[in-house]
Amino acid sequence: MRRILGRILWAGISLAAAFSLGTVARSQGEPVNSTWLVIASVCTYLVGYRFYASFVAARVMALDDNRATPAERLRDGHDFEPTNKWIVFGHHFAAIAGPGPLVGPTLAAQFGYLPGFLWIVIGATLGGAVQDFVILFGSIRRDGKSLGQIAREEVGKVGGFTALITVLLIMIILLAVIGLVVVNALKGSPWGTFTIAATMPIAVFMGLYLRYWRPGKVVETSLIGFVLVMASVFGGQAIAQSPTLAPWFTYSGVALAAGLIVYGFFSSALPVWLLLAPRGYLSTFVKLGVVVLLAVGIIFLRPELKLPPFTRFVDGTGPIFAGKIFPFCFITIACGAVSGFHSLISSGTTPKLLARERHAMAVGYGSMLLESFVAVMALIAAASLQPGVFFAVNSPAGVVGTTPAAAAATISGWGFPVTAAEMQTLARDAGEQTLFYRTGGAPSLALGMAQIFASSGIGRALLAFWYHFAIMFEALFILTTLDSGTRVGRFMLQDMLGEVWPKWGQTNWKPGMLTTSAVIVAAWGYFLYQGVVDPLGGINTLWPLFGIANQLLAAVAFCVGTTILVKSHGARYMWVTCVPLIWLVVVCFVAGWQKIFSPLPALGFLAQADQLAAGPQSADTAALIFNARLDAAVTGIFLVLVATILIDSIRVWMGILGGTRKAKSTETPFVPTRLAEES
Amino acid sequence: MRAFFRAVARIISGIVAELSDQNAYRRHLAAHGAVHSPDEWRRFQDEHAAAHSRRARCC
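Protein sequence lines, in the order shown, are assigned to chains V and C.
First residue of the first sequence: 2, per the numbering used here; consecutive thereafter.
First residue of the second sequence: 3, per the numbering used here; consecutive thereafter.
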């Protein structure tokens, strides 16, 4: 009887998924309620988890709860510790969910809400979650080793080294682009700048409080920190309204970028307990709290989507970033659908905490589905804005015109009516000077979130507060990614230099620490500066570069995953990882090729450099030409690196499948578990 | 129903304890056979920081 009821239930969920996906897809021209997107995504995730993830867990990976995990075998009370499944789930989710699933879908909404939505849901179910799951599985079966180590052992030395370089380069581009998102959100905004600036002394205060006054009281310290941050959100309003104080916190993009670069250096060089750790605690709790708040807001308030399912910009003429829907929709949304960066987390702390092999399904596959749902919520928040407002906020002055009247006329001419007066009223309600040209995704997302929260009835008059609360939330954990990323990049560079001269590998050697911190900060700072001075707003250049890099890292992870599967089962199940791998390789190489060689100056880096070279010359033009050529070179390097690991992997697969190479796996031998059933 | 809510509360407090490093600190105390003190907490912070700051956070 239970079995029959179960089948009826799953048939109902499957039908609900199909019906709601159909409703969303067929809604040409009619407004769609966000509830359909929520139902379609949740039901698809449930079906994917119940059937596809179970299939992969049982048949492909043959997860075995009788096999002791590294957490049990190597238990040391530090890194390796068998932990409750849902606690590991929370830990893993907090590590994978960053600003990407919020910003990417917001930017990709320039194509309309439908392409991004379908890619987020289908990409996560068949690609992103599979990647996270397979790499987590591979790491569990290999003593919790990292992606780079697994690549070196399973694919070869070339693959391992390539993976390391790729990760370092991606990190640099990632830090630059998220820095740019923060700069664009805070440019000319004394309220936002004060609030974010205040989080730095608050974090230092928390660090000192936790170190000397109340050692060990992390939750108490985080609560105090949260109260202080909320006070700074309120205080920011007073600052913005004060004619004396407002100029103190009103900065240009270049000045804010310089501030971020200095901050990045100090966060890498200062003791972790003073700045990084307290900021990390605060940001993690705020992040989880706001994600829950946004989910509750969307589920209960059911905002209507005002953006159309498709816009005219599917043809590649979009103002936010150039390029057609294929491949650029799939590049712009990486986190939330498929994110290569997750493979670093899945082969980092998480495999060292799993008590049972089968927990990998909920943690690896399930966490990614939850992140995908966060991306859906971000898309809903952005798509619930009036299209004219959405494009006015996200379009750079270089595309729509340098005055509000010109920008409003251009955007209205695209068929998305908006007026300068309407934008002025909205900016005043949001407590800002202007909302034109606030590129980067963060301000429009904050506006969408603020409108959802403000429509609850209890907070309609608080749009300005909600807007700055959302900006604070986005900037807080973007900066957390920035400071921890800078430090991780510094360690990676020290590790690499340490291979040549061991002294550089010592992380406590001050000259090495300061030099490598400066090199990493200078690297991402250069790209950040380049984005800030870009006449097209920088996002047009940097976000696709980051998307390509992140998806290429996913391709590296799928190469490693396919190698593991080929060694275990031959060709039988290699489609599980090969299908997403082929898709990503095609998407990334087409996007990369277009970014380098497209004859359109808005899209191709080299064409842009040629166009600039043909015009009047100045020092600024020379810098822009150099930057465009540098971006082309960086994209080319990414493609060559991934082609290298891909060719190396194919060589290994063909050798194994053709019988000319032994399928030598580095999987650790079976050891029976001694853990009690309840763990 | 009460059991369900108790289980949910236990999981949430477990996640908070994990994210706030309370569990890691407890493991540290057990591994070193130590009891909580300000100096022990600082020792934990310094040991833990080295590993913690090498962890990438995703984008």
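Ideal Cβ placement from N, Cα and C applies to all residues, glycine included.
Query: Quick check: what's the CA-CA separation for Leu354 of chain V versus Pro71 of chain V?; Result: 8 Å
Query: Give the straight-line distance between the Cα atoms of Val287 of chain V and Phe474 of chain V, rounded to the nearest whole angstrom.; Result: 7 Å
Query: In three-state terms, what does DSSP make of Leu355 of chain V?; Result: strand
Query: Between the segment 208 to 218 of chain V and the segment 473 to 487 of chain V, are three or more C-beta pairs nearer than 8 Å?; Result: no
Query: Could you check whether Val219 of chain V and Gln24 of chain C sit closer than 8 Å to each other, using their CB atoms as the reference points?; Result: yes
Query: I'd like to know whether the C-beta of Gly349 of chain V is nearer than 8 Å to at least one C-beta of chain C.; Result: yes
Query: For Leu554 of chain V, is the beta carbon positioned less than 7 Å from some heavy atom of the ligand SAH?; Result: Looking for the ligand SAH in the displayed structure turns up nothing, as the structure carries no ligands at all.
Query: So is Met207 of chain V buried or exposed if we call it buried at 16+ other beta carbons inside 10 Å?; Result: buried
Query: State whether the segment 124 to 137 of chain V contacts the segment 366 to 374 of chain V, with contact taken as three or more CB pairs (one from each stretch) at a distance under 8 Å.; Result: yes
Query: Could you pull the start and end residues of the alpha helix (DSSP H) that Glu654 of chain V belongs to?; Result: It should be noted that the sequence gives Trp, not Glu, for residue 654 of chain V. Taken as a continuous stretch (DSSP letters only), the alpha helix (DSSP H) holding Trp654 of chain V covers Ala620 to Gly659.
Query: If you draw a straight line from the alpha carbon of Ile638 of chain V to that of Leu165 of chain V, how long is it in whole angstroms?; Result: 13 Å
Query: When the Cβ atoms of the segment 188 to 205 of chain V are set against those of the segment 241 to 252 of chain V, are three or more pairs found closer than 8 Å?; Result: yes
Query: State the Cα-Cα distance for the pair Gln150 of chain V and Asp316 of chain V, rounded to the nearest angstrom.; Result: 42 Å
Query: If we cut at 8 Å on Cβ distances, does Ile88 of chain V have a partner in chain C?; Result: yes
Query: In terms of residues, what are the limits of the alpha helix (DSSP H) holding Tyr192 of chain V?; Result: One point to set straight first is that residue 192 of chain V is Trp, not Tyr, in the sequence displayed. Counting along the chain, the alpha helix (DSSP H) containing Trp192 of chain V begins and ends at Pro191 to Leu209.
Query: Does Phe6 of chain C pass the burial test, meaning 16 or more other C-beta atoms within 10 Å, or should it be called exposed?; Result: exposed
Query: Give a yes or no on whether the minimum CB-CB distance between Ala95 of chain V and chain C is below 8 Å.; Result: yes
Query: Identify whether Pro536 of chain V lies in helix, strand or coil by the three-state DSSP scheme.; Result: coil
Query: Out of curiosity, what's the CA-to-CA distance linking Ser680 of chain V and Ile334 of chain V?; Result: Residue placement at Ser680 of chain V is poorly supported in this model, since its pLDDT is 46, which falls under 50; the coordinates still yield a value, given next. C-alpha separation (whole angstroms): 37 Å.
Query: Is the CB of Arg45 of chain C under 8 Å away from at least one CB in chain V?; Result: no
Query: Are the segment 529 to 544 of chain V and the segment 399 to 415 of chain V touching, with three or more C-beta to C-beta distances below 8 Å?; Result: yes
Query: Measuring straight from C-alpha to C-alpha, what distance separates Val205 of chain V and Asp80 of chain V?; Result: 26 Å
Query: Scan the segment 20 to 59 of chain V and note each continuous alpha helix (DSSP H) run of 4 residues or more that stays entirely inside, going in chain order.; Result: 35 to 48
Query: Can you pull out the residues from the segment 11 to 38 of chain C whose beta carbon lies closer than 7 Å to at least one beta carbon of chain V?; Result: Ile13, Gly16, Ile17, Val18, Glu20, Leu21, Ser22, Asp23, Gln24, Tyr27, Arg29, His30, Ala32, Ala33 and His38
Query: Run the CB neighbour count on Gln495 of chain V, radius 10 Å, all protein chains shown included, and call it buried at 16 or more, exposed below.; Result: buried
Query: Could you spell out the range, first to last residue, of the alpha helix (DSSP H) harbouring Leu169 of chain V?; Result: Lys158 to Leu187
Query: Are any of the Cβ atoms in chain C nearer than 8 Å to that of Ala241 of chain V?; Result: no
Query: Any C-beta of chain C sitting closer than 8 Å to the C-beta of Glu73 of chain V?; Result: no
Query: Could one say the Cβ of Ala5 of chain C lies closer than 8 Å to chain V's Cβ atoms, at least one of them?; Result: no
Query: If the criterion is Cβ atoms closer than 8 Å, does the pair Trp584 of chain V and Leu108 of chain V meet it?; Result: no
Query: So, for Met655 of chain V: in the same chain, excluding its five sequence neighbours on each side, which residues have a beta-carbon less than 7 Å away from its beta-carbon?; Result: none
Query: Between Glu49 of chain C and the rest of its own chain, which residues show a CB-CB distance below 8 Å, the 5 nearest in sequence each way excluded?; Result: His30
Query: Please classify Gln29 of chain V as buried or exposed, where buried requires at least 16 other C-beta atoms within 10 Å of its C-beta.; Result: exposed
Query: Residues of chain C with a CB under 8 Å from the CB of Ser340 of chain V: which are they?; Result: Cys60 and Cys61
Query: Note down, in chain order, every chain C residue with its Cβ under 7 Å from the Cβ of His360 of chain V.; Result: Residues of chain C passing the Cβ test: none, with the nearest at roughly 13 Å.
Query: Between which two residues does the alpha helix (DSSP H) harbouring Met497 of chain V extend?; Result: Leu464 to Val501
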